[in-house]
Amino acid sequence: MRQFEQYIDNIEQNVVIWKILGAQLHFIIRVQEGDVFI
1 MRQFEQYIDN
11 IEQNVVIWKI
21 LGAQLHFIIR
31 VQEGDVFI
């Protein structure tokens with residue numbers, strides 16, 4: 001059972017990382033399309 005909890009924790013951490021990467025990627029795409037001015 002303990003291993004299962006660690007497995008769930010790892011999945012949750014990966015989800016957070018993917019959300020952050022996804023947000024950065026979305027921002028970069030918008031910049032390239034000229035929607036965002038820095």
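Under the numbering used here, the sequence shown has 13 at position 13, and the numbering climbs by one with no breaks.
Cβ coordinates follow ideal geometry from the N, Cα and C atoms, glycine included.
Quick one: Cα of methionine 1 to Cα of isoleucine 8, how far?
So the two alpha carbons sit approximately 11 Å from each other.
Could you tell me the alpha carbon to alpha carbon distance between isoleucine 28 and tryptophan 18, rounded to whole angstroms?
One C-alpha to the other measures close to 15 Å.
Over what stretch of residues does the alpha helix (DSSP H) that includes glycine 22 continue unbroken?
Residues 2 to 33.
From glutamine 24 to glutamine 6, what does the alpha carbon distance come to, in whole angstroms?
So the alpha carbons of these two residues sit roughly 27 Å apart.
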